């Protein structure tokens, strides 16, 4: 994915989008147009756009993706801010999940203790029933 000058498609596409964003952001974008301008194939430009979006340099408005998408271009400071925000959200989600796991462990321990208590209570009642049966059979013999 490099052109004759040796530059990567992502770099060329990002430079083009940054230049266009100076005039209008979001940038109306057609894959065929940029392919013609840069000399890359349409599929290479398409992959470059997806790669840049994954890296956080741009955001493609998904509703118009197939025809003529608008692409929001972020500068490096916005990109870092976006990654920091996403990282903070991930950390917060991980903390919530950790708290939930601890709560579930506590609930499981409580259920296991309750299960052991109920098991013991059932065994005690079984013994009482056996004793009553024995007494009843003794009474029957006497009568």
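In the UniProt record's numbering, the protein residues as written are 1 to 143.
Glycine included, each C-beta is placed from N, C-alpha and C at the ideal position.
Since we're looking at a predicted model, the values are computed, not measured.
- In the structure shown, residue 7 adopts coil according to DSSP, grouped into three states.
- Each residue's CA atom was taken as its position, placing residue 143 and residue 130 some 20 angstroms apart.
- Looking from the CA of residue 27, the closest CA among 73, 128, 88 belongs to 73.
- At least 8 angstroms separates the beta-carbon of residue 87 from that of residue 57.
- Between the C-alpha atoms of residue 126 and residue 141 there is a straight-line separation of about 23 angstroms.
- As the crow flies, the alpha-carbon of residue 39 is around 48 angstroms from that of residue 97.
- Proximity to residue 48 across 21, 84, 7, 104 peaks at 7, based on C-alpha coordinates.
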